[in-house]
Every structure is written in structure tokens, then in C-alpha cells.
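Here the structure is laid out as C-alpha cells; the discussion comes afterwards.
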Amino acid sequence: MESDSDSDSDDEDDEALEDPSPLLSMPANYMRGRRTSVSAESMVPSHQNYVKTVISKTPEQRKRIEVSIASNFLFKNLDEDQHEDVVNAMAEKRFRNRENVIEQGAVGDYFYVVETGSLDVFVAKNGNPAEKVFEYGPGGSFGELALMYNGPRAATVTATSDIVLWALDRITFRRILMENTSRKRRMYEAFLETVPLLVSLEPYERHKIADALESVYFDDGQPVVRQGDQGDNFFIIESGEATVTKYNEKGEEFPMPGLGPGQYFGELALLNDMPRAATIKAQGRLKCATLGKRAFVRLLGPVVEIIKRNSVNYQTIEEQIQQHQQQLVPVSSAPPSSNASPASTSPALASASPTPILSSASPIHAPAPPQVQLNHV
1 MESDSDSDSD DEDDEALEDP SPLLSMPANY MRGRRTSVSA ESMVPSHQNY VKTVISKTPE
61 QRKRIEVSIA SNFLFKNLDE DQHEDVVNAM AEKRFRNREN VIEQGAVGDY FYVVETGSLD
121 VFVAKNGNPA EKVFEYGPGG SFGELALMYN GPRAATVTAT SDIVLWALDR ITFRRILMEN
181 TSRKRRMYEA FLETVPLLVS LEPYERHKIA DALESVYFDD GQPVVRQGDQ GDNFFIIESG
241 EATVTKYNEK GEEFPMPGLG PGQYFGELAL LNDMPRAATI KAQGRLKCAT LGKRAFVRLL
301 GPVVEIIKRN SVNYQTIEEQ IQQHQQQLVP VSSAPPSSNA SPASTSPALA SASPTPILSS
361 ASPIHAPAPP QVQLNHV
């Protein structure tokens with residue numbers, strides 16, 4: 001949801017309340033039996049630069065926070081950048097023994113991770129005295145509902161020793177999620193506008209593609225696709241570099257020009273059900289945007305025929321590769337993988353073939369002459 005930052009506050013509140021996102025979808029029994037005033041901040045993402053909060057922490061502290069939130073449902077779907085922003089934004093808070101950190105019925109404002117010390121959790125029901133129901137120690141976390149709803153606390157949490165907590169407030173958390181999501185959408189839309197294959201799409205169609213893209217990460221040397229494997233995803237390199245290796249029918253290895261940010265691969269294997277025609281591995285840390293087969297076919301329907309017509313070009317390129325490889329000395333004769341098949345001479349150079357799909361230069365144009373094109377497959 002996007003709007004101008006100077007919109008009326010009433011309109012912004014209405015939009016925030018009507019936002020169907022899970023951040024505002026309150027559990028059916030969360031407010032049962034309670035009467036309280038609930039307000040909603042306007043979380044409309046701005047198009048201005050968002051200044052991230054970065055609070056210094058030791059590696060051990062960062063690790064403890066990361067472990068604490070790793071299994072929390074609220075953080076499971078964060079991408080790596082959002083996860084990093086959450087850890088960076090957490091601020092240290094100290095409480096003394098017997099001091100209440102949160103009180104049942106009070107409006108929630110922070111999510112906490114325990115650094116040191118211990119706490120007891122008490123719940124009062126039906127007017128009866130509060131009873132202890134749980135306890136927390138280092139690495140424990142509580143209060144996540146405060147990040148989702150501006151509603152009352154369901155329990156009282158009391159320090160049983162002097163404690164140090166790491167705290168994240170609701171507004172910062174939601175801004176991280178919404179600003180990152182908005183920034184990523186704008187980045188993807190800007191990139192998609194530069195891809196000649198997608199020029200014919202309407203802006204709203206590119207908008208849908210941008211929203212459907214997901215970020216994936218690969219460590220140095222980790223395969224993104226393997227020659228001979230079936231293709232399930234389309235990839236766009238966001239940051240980092242990747243190596244491209246092709247194997248001939250003898251299993252001999254031939255390195256090809258690598259890939260960098262903005263280059264993409266993987267579309268033909270999704271359309272033609274052909275195996276990958278090369279192996280692509282991360283060279284250093286690699287971040288890609290990916291689109292699954294079903295979403296790719298559904299969202300890129302208007303350009304599917306263009307891609308299929310390009311298969312004639314890919315067949316010509318494949319023939320050039322095979323002729324050229326006969327004159328090259330292979331790097332090794334190691335097979336690509338246990339289930340990888342030799343290089344195919346199919347019309348579709350599949351999705352791992354760098355030539356037509358590795359560059360954001362026009363993949364819908366005819367291939368360059370052999371002497372220029374041979375090193376780009």
C-alpha cells in the first residue's frame with residue numbers, strides 16, 4: 001500500500017486499519033473479554049531514504065539475539081537484510097530485581113530478548129490472584145504480540161534478578177518490514193523496466209512480478225543450478241558474482257564468462273521442461289531474486305511466446321558452442337553431478353545458458369556472430 005507522505009492523518013489511519021497484512025490480523029481470542037482502546041500508527045512507507053538504527057553489540061550478543069528470534073514465528077519470513085536490521089535496531093534495557101518489565105493489561109510497546117538474568121511470568125484470570133506460568137532466562141524472548149498489535153499485555157513479566165534485555169519497539173519493527181518491502185519493490189520494478197524482454201508489459205504487470213520475487217542467498221562455491229537438473233526457478237542476480245561452467249558429452253569441464261548484478265538466467269527450463277544446460281555457482285556471497293515456475297508462467301504470460309521464439313537462436317548458439325569446444329582444452333574431466341546429463345543440443349539452451357539470458361542486454365535479439373558469441377554461453 002503506497003500513498004503520499006503528506007496525506008491526511010485520518011486517511012492514513014483508515015488505510016492502516018484496513019491493511020490486510022498479517023501484522024494487523026489480530027487472533028480471534030486475543031481481545032476476548034477485554035475492553036480497551038486500540039490505536040494504529042500510520043505505517044505508509046515513504047519514498048525518502050530511511051535512516052536505519054544501528055546499536056553496537058558484541059558478536060556474542062548478536063549471536064544470542066539471532067538464536068532467540070530464529071524460531072519465533074514473527075521473524076521466520078524475514079529476508080537476510082530485514083533480519084540484520086532487526087538485530088541492529090535492538091536497544092539495551094536494564095531492570096532491577098523484582099521490577100516489572102511488562103504488566104498484564106498494559107498496552108504493549110516492546111519485544112524483548114533476554115541478555116542476562118531471569119524473569120517470571122504471571123497471569124491473572126477471572127479476578128483471581130496472578131499465578132506463575134513460566135520463566136525466562138538468557139536467550140529467552142517475549143512480547144512479540146506488541147510488534148503486531150497496539151493491544152494489552154496478556155501477562156505480567158517480573159525480573160527475579162538484575163537483568164539486561166534487548167528491546168525492539170513496534171514502530172521500528174514495522175518500519176523495517178514496510179520500508180524494506182517498499183524499497184525492494186522499487187528496486188525490482190526499476191530493474192524490470194530495463195529488461196528488453198519485459199518492455200511490452202504494463203507497469204502493473206511489472207509491479208506484480210516485483211512483489212512475487214523473493215531473495216535467496218548462496219555461499220561461496222554453492223551451486224545455484226546444476227547442469228542436467230530440472231529447472232524450478234528463474235533467477236536475477238541482485239549482488240555478488242557467479243561462475244558458469246559447461247560440461248560436454250565426455251564430462252569435460254569448460255569455464256564460461258561469469259555473471260554479475262542485473263544479469264538473469266533460468267527462464268527456458270521453466271517453459272520447455274528442459275534440463276539445465278550449465279552449472280552456475282556462487283563466487284563469494286551471492287544474492288539472487290527468484291521466481292518459481294508457476295508464478296513465472298502466470299506473471300510472464302504476455303512474453304512467453306517471445307521467449308519460445310528465441311529458442312531458434314539458442315539452437316544456433318548451442319551448435320556454435322559444440323564446434324568451439326572441440327578446439328578447447330577442458331579444465332577437467334570431472335562429471336557435473338551424479339544425475340547430470342551431457343550438454344544437450346536442444347533448441348532451448350535451458351535456463352543455465354548464459355548467452356541469451358545472462359545479460360540484461362536484449363535477450364530478444366538475434367545472437368551475435370560466432371566469433372563474438374562463443375565465449376558467452
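So that you can map any letter, position 95 of the sequence shown is 95 in UniProt numbering, and since no number is skipped, the others follow by simple counting.
Glycine is no exception: its CB is placed at the ideal position from the N, C-alpha and C atoms.
Bear in mind that the values here come from a model prediction, so they are computed numbers and not experimental data.
Going by CA-CA distance only, name the one from the options that's closest to residue i.
i           : options                   : result
residue 378 : V244, R285 and D81        : Absent from the model: residue 378. The displayed extent of the chain is 1 to 377, so no value can be given.
H207        : F134, L299 and G251       : L299
N150        : E253, E205 and A106       : A106
Y247        : V199, G301, G228 and E241 : G228
Y204        : E189, E214, T194 and L213 : E189
R185        : A89, E214 and S118        : E214
K132        : T158, G143, P59 and N126  : T158
S118        : E84, V101 and A130        : V101
Q82         : R98, N126 and T181        : T181
A212        : E99, T290 and A124        : T290
Q230        : G127, R64, E84 and L271   : L271
G258        : Y136, L286 and S71        : L286
I209        : N128, I65, R294 and R64   : R294
L165        : Y136, A70 and R183        : Y136
L177        : K250, N97, I55 and M148   : M148
P152        : V123, Y264 and E179       : V123
D219        : C288, R62, P129 and K63   : C288
E193        : E252, N97 and G262        : G262
residue 428 : S71, E252 and E179        : In the structure displayed, the chain extends from 1 to 377; residue 428 sits before or after that span and is not available.
Helix, strand or coil for residue i per DSSP?
i           : result
Q230        : strand
G301        : helix
A242        : strand
M187        : helix
I236        : strand
G33         : Reliability fails at G33, whose pLDDT of 41 lies under 50, so the model's placement of it is uncertain and no value is given.
residue 408 : Residue 408 is absent from the structure shown; the chain starts at 1 and stops at 377.
E84         : helix
I55         : coil
L198        : helix
K93         : strand
E205        : helix
L192        : helix
E115        : strand
E252        : coil
E41         : Any reading at E41 must be qualified, since the residue scores a pLDDT of 49, below 50, and its modelled position is unreliable; no value is offered.
Please look up how many angstroms separate the CB atoms of residue i and residue j, rounded, as I've assumed it's under 8 angstroms.
i    : j    : result
T116 : P138 : 6 angstroms
R276 : A282 : That belief does not hold up - the Cβ atoms of R276 and A282 are roughly 16 angstroms apart, past 8 angstroms.
F95  : I163 : 5 angstroms
Q222 : A155 : The Cβ separation is near 43 angstroms, so there is no contact.
G260 : E241 : 5 angstroms
F134 : V121 : 4 angstroms
A146 : R175 : Wrong, their Cβ atoms sit about 15 angstroms apart, outside the cutoff.
N233 : G292 : 6 angstroms
M274 : L168 : About 47 angstroms; that fails the 8 angstroms criterion.
Measure the Cβ-Cβ separation of residue i and residue j and say whether it is below 8 angstroms.
i    : j    : result
Y217 : E80  : yes
F173 : F111 : yes
F296 : I236 : no
N88  : T58  : no
V67  : L78  : no
G108 : G143 : yes
G284 : V225 : no
For this session: Please list the segments of the alpha helix (DSSP H) lying wholly inside the region 124-184, counting only runs of 4 or more residues, in order along the chain.
Result: 145-148, all fully within the region 124-184.
Problem set entry | Unbroken stretches of the beta strand (DSSP E), 3 residues or longer, contained in the region 258-296 | DSSP assignment within the region 258-296 yields the following whole beta strand (DSSP E) runs of 3 residues or more, N-terminal first: 279-292.
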